[in-house]
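Numbering-wise, the sequence shown is residues 761 to 865 according to our numbering.
These notes are about the structure you will find just below.
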Amino acid sequence: MVPLSWARTLRGGRVIDVCSACRARGEGPGTPAREAGCSCEGGELFDVLGHDGFGHRLANTLLRAGVDSVERLSSLSARQLRDLEGIGAASARRALSCLRSEPGG
761 MVPLSWARTL RGGRVIDVCS ACRARGEGPG TPAREAGCSC EGGELFDVLG
811 HDGFGHRLAN TLLRAGVDSV ERLSSLSARQ LRDLEGIGAA SARRALSCLR
861 SEPGG
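Right under this line is the structure:
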């Protein structure tokens, strides 16, 4: 699991919290700031669910529940997601919405 270490950054005209690893990688010397698609050591669930506080908490909760890949996540319905400990309606909506916005999702 990824330690909660946050940084503030500007994305899409909004100030948001992102994991500090993504912010540092996106702001390295000679590296243009990225709007999305940053990658931290959290893995594919973090990349899909987002590198903000909500996305990281959701990915960590899913990992604790045994959902350790995007493939496994995509096999679950909204009801199955809500049945997992720590996943409520808002988290299930976020997960399914993120899956739909993924290429090939």
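Ideal Cβ placement from N, Cα and C applies to all residues, glycine included.
Buried or exposed (CB count within 10 angstroms, at least 16 for buried), residue i
i           : result
residue 846 : exposed
residue 849 : exposed
residue 851 : buried
residue 826 : exposed
Cα-Cα separation, residue i to residue j
i           : j           : result
residue 858 : residue 809 : 6 Å
residue 842 : residue 773 : 32 Å
residue 853 : residue 818 : 11 Å
residue 813 : residue 856 : 17 Å
residue 816 : residue 806 : 6 Å
residue 802 : residue 820 : 9 Å
Contact belief for residue i with residue j at Cβ below 8 Å, rounded distance in angstroms
i           : j           : result
residue 804 : residue 830 : 5 Å
residue 823 : residue 833 : So it is not a contact: roughly 10 Å between Cβ atoms.
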